[in-house]
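Residue numbers (our numbering): 242 to 534.
C-beta atoms are modelled at their ideal positions from N, C-alpha and C, and glycine is treated no differently.
Below is one structure, written out as structure tokens; the observations come after it.
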Ligand SMILES: Nc1nc2c(ncn2[C@@H]2O[C@H](COP(=O)(O)OP(=O)(O)OP(=O)(O)O)[C@@H](O)[C@H]2O)c(=O)[nH]1
Ligand SMILES: [Mg+2]
């Protein structure tokens with residue numbers, strides 16, 4: 242058997258460019274991307290299928306120190322991805338120099354899994370700075386192969402892909418060869434709406450929002466979706482809705498346009514806002530929102 246397959250898990254600090262990279266490697270817009278940190282909250286699989294190999298990429302939440310039960314659930318996704326990887330892609334933003342949490346460092350350095358350290362956003366630094374930065378990271382992860390890229394400008398991606406395929410273990414495929422992801426359609430609906438919330442509101446508001454898809458009715462001509470935006474406080478509800486409903490309308494329109502592209506169909510989207518006090522610390526709500534493996 243010459244077939245290769247493996248789990249290639251992308252981890253790193255918030256905002257390093259994990260989701261941008263996964264979407265490029267998979268060739269589909271599976272993960273949402275925003276300029277704000279902590280955009281991704283789940284582990285999302287993106288599967289690349291070729292005749293002789295299958296790469297199961299995982300996009301994960303950024304590594305952080307938990308302040309809420311939601312953060313703990315997010316970090317659990319990261320640790321699971323650390324544990325079940327055949328190959329780890331640790332991605333850093335070369336423009337920032339945030340240190341990696343000791344606990345995570347230890348976990349990576351004691352693991353026998355192959356490690357590629359990706360220096361991302363090299364479009365933002367000079368080549369002399371890049372050399373310095375590269376030396377610093379080589380000291381942090383001496384065992385890693387280091388590959389500089391720009392996910393945004395798609396620089397050095399083909400080389401990275403080659404290096405990934407070269408390290409895939411011999412194995413039969415893990416998923417059906419037609420499968421693109423592990424997440425259901427509803428997940429992409431709630432993520433798209435959440436992306437538009439992240440892009441339209443500032444400060445703590447996006448971080449207090451979760452999107453729940455109450456119904457998703459697919460027919461040959463149109464998909465009818467009914468969805469609820471949960472917030473933690475009454476004041477946030479007013480902010481989301483906005484003056485005469487303008488805020489909510491904007492989010493709805495932007496999400497609808499994006500979803501029509503994603504599903505290739507007309508979308509009818511209804512959005513409601515509800516307050517669920519302190520949902521980020523509520524186990525029952527977190528379970529409802531899918532923060533469980
Ligand atoms: N200049 C530049 N910006 C980039 C590059 N890659 C990603 N970005 C930007 O960095 C920001 C964060 O990108 P994401 O892909 O959402 O980062 P992430 O690591 O998934 O972030 P979290 O989900 O919050 O942990 C976005 O504004 C991207 O457009 C790059 O190579 N160069
Ligand atoms: Mg992300």
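Remark: C-beta atoms of residue 318 and residue 301 approach each other more closely than 7 Å. Secondary structure at residue 266: helix, using DSSP grouped into helix, strand and coil. In this structure, DSSP gives residue 467 an extended state, which the three-state scheme calls strand. At the C-beta level, residue 277 and residue 522 stay beyond 7 Å of one another. Look at residue 384: its beta carbon is at least 6 Å from all of the heavy atoms in ligand 1. If the five residues before and after residue 506 are omitted, its C-beta is found closer than 7 Å to the C-beta atoms of 463, 464, all from its own chain and listed in chain order. Check the Cα spacing between residue 322 and each of 334, 335, 304: the tightest is with 304. Under the rule that a run must span 4 or more residues, the alpha helix (DSSP H) segments found entirely inside the segment 401 to 455 read 426 to 441. Nearest to residue 244 by alpha-carbon distance, out of 268, 418, 388, is 418. Residue range 475 to 482 is occupied by the alpha helix (DSSP H) that includes residue 476. Distance from the CA of residue 257 to the CA of residue 450, rounded to the nearest whole angstrom, comes to 22 Å.
Per DSSP, reduced to three states, the secondary structure at residue 512 is strand.
Rounded to whole angstroms, the Cβ separation of residue 408 and residue 446 is 42 Å, and the two are not in contact under 8 Å.
Leaving aside the five residues that flank residue 315 on each side, the residues in its chain whose CB is nearer than 6 Å to its CB run, in chain order, 282, 302. One Cα belongs to residue 246, the other to residue 255, and the distance between them is close to 28 Å. When the Cα atoms are used, residue 443 and residue 413 turn out to be separated by approximately 46 Å.
Under the 8 Å Cβ criterion, the segment 487 to 497 does not count as touching the segment 453 to 460, having fewer than three qualifying pairs. Around the beta carbon of residue 331, 16 or more other beta carbons lie within 10 angstroms, which makes this residue buried. With a cut-off of 6 Å, the C-beta of residue 424 is classified as distant from ligand 1, since no heavy atom of the ligand falls inside that distance. With distances taken between CA atoms, residue 512 lies nearest to 491 out of 526, 491, 525, 528. Around the beta carbon of residue 374, 16 or more other beta carbons sit within 10 angstroms, so the residue counts as buried. CA-CA distance, residue 353 to residue 337, rounds to 28 Å.
With the rule of 3 Cβ pairs closer than 8 Å, the segment 338 to 350 counts as touching the segment 379 to 392.
Rounded to whole angstroms, residue 270 and residue 500 show a C-alpha spacing of 11 Å. Each residue's CA atom was taken as its position, placing residue 363 and residue 394 some 9 Å apart.
Beta-bridge partners of residue 458 (DSSP): 465.
Here residue 361 carries a strand assignment [DSSP, helix/strand/coil]. Excluding five sequence positions before and after residue 508, the CB atoms of its chain that fall closer than 6 Å to its own CB belong to 464, 497, 500, 501, given in chain order.
Collapsing the DSSP output to three states places residue 517 in coil.
The Cβ-Cβ distance between residue 520 and residue 471 falls below 7 Å.
Note that the C-beta distance between residue 482 and residue 514 is below 7 Å.
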